[in-house]
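S.K.:
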Amino acid sequence: LPRLADDRRRRFIFRSVLLMAAVGLLLSFVVWASAPVLAHWMRGTPGDGNAGTDIARLTQLMRFGALTVAIGIPAMVADPVFIALDRAWLAAWNTLLGMILQLGLIAVALGSGMPLTWVFIAIAVSAATRLTASLAFTLVAVPPSASHRGSEGALLLQQLTYVLPVGMTSLVATISSWLARTLISHFFDAAQLATYTYGAVEIPFISIVIGSVAPVLLSRFSSDLKEGNYRAVLEVWHRATSK
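Residue numbers for the sequence shown follow the working numbering, so the first one is 7 and each next one is one higher.
1. Label Gly53 either buried or exposed according to how many other C-beta atoms from any shown protein chain fall within 10 Å of its C-beta, with 16 as the threshold for buried.
2. Considering only the alpha carbon of each residue, which of Ala94, Pro121, Leu102 and Val87 lies closest to Phe70?
3. Please classify Phe227 as buried or exposed, where buried requires at least 16 other C-beta atoms within 10 Å of its C-beta.
4. Where does Ile19 fall in DSSP's three states?
5. Could you name the residues of the same chain whose beta carbon sits closer than 6 Å to that of Gly55, not counting the 5 residues immediately before and after it, in chain order?
6. What are the boundary residues of the alpha helix (DSSP H) that includes Met105?
7. Just to confirm, is the Cβ distance from Ala72 to Val37 under 8 Å?
8. Should Phe126 and Thr74 be called a contact, given that it needs their Cβ atoms to be closer than 8 Å?
9. Given this structure, state the Cα-to-Cα distance separating Val114 from Thr123, to the nearest angstrom.
10. So what does DSSP say about Leu91, is it helix, strand or coil?
11. Shortest alpha-carbon distance to Leu10 belongs to which of Ser151, Ser182 and Gln198?
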């Protein structure tokens, strides 16, 4: 995004959202369709008299969870848009307010005794709010796109060429990081899964590096690479690693 001329950025942002939305819809359909199979696998204790009820409940929860996939994946564009357009503080506020909204909605849902499915609805609403804020900012702050018919195909190909290897790397990393939790969900109960996930695995320093530092560095790297300043990329990376 930083390498594009101003009159091409709006179209690029909206096309990126559409691409992510297509991925989100595809994956959410996979989750929705495979929910009964996943519920049987996660239940893990055949022969229990309550197994049928639990599987039906898990299936319903997973199908509502598919909603968070459909909305959450395109919402991942929200923070990078702000950061790439030099509005990192807006990304911070957008994330903070979105998380406050999500926490508030979940607290109301659980406190009032509403079904657990409302937790997924709360997560989806929070993601949709963050995405809407970034798109509204794009409409206000980014100039309308001019016609670049001859180069749009080349730009799309360049975007996909960049996205595919990065996406595959992210996919492998996600599978690797969630593999242990998936096994725990199969062999142990929900309480032990929660303890393992939030007690033994969630190290805050890792999420800070991946979620906060990396997007800022990528924007800086893009600017330096555009200018051919390769040494600066390495220097910034070393300083960030040391800090």
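C-beta: ideal position from N, C-alpha, C; glycine also.
Predicted model, so just to flag it, every value in this text is computed and none were measured.
M.R.: For this structure:
1. Per-residue confidence for Gly53 stands at a pLDDT of 47, beneath the threshold of 50, marking its modelled position as unreliable; the derived number appears in the next sentence. Label assigned to Gly53: exposed.
2. Comparing Cα positions, the closest option is Pro121.
3. buried
4. helix
5. Note on Gly55: pLDDT 49, under 50, position unreliable in the model; no value is reported.
6. Ala94 to Gly117
7. yes
8. yes
9. 13 Å
10. Leu91 falls in the coil class under three-state DSSP.
11. Ser151
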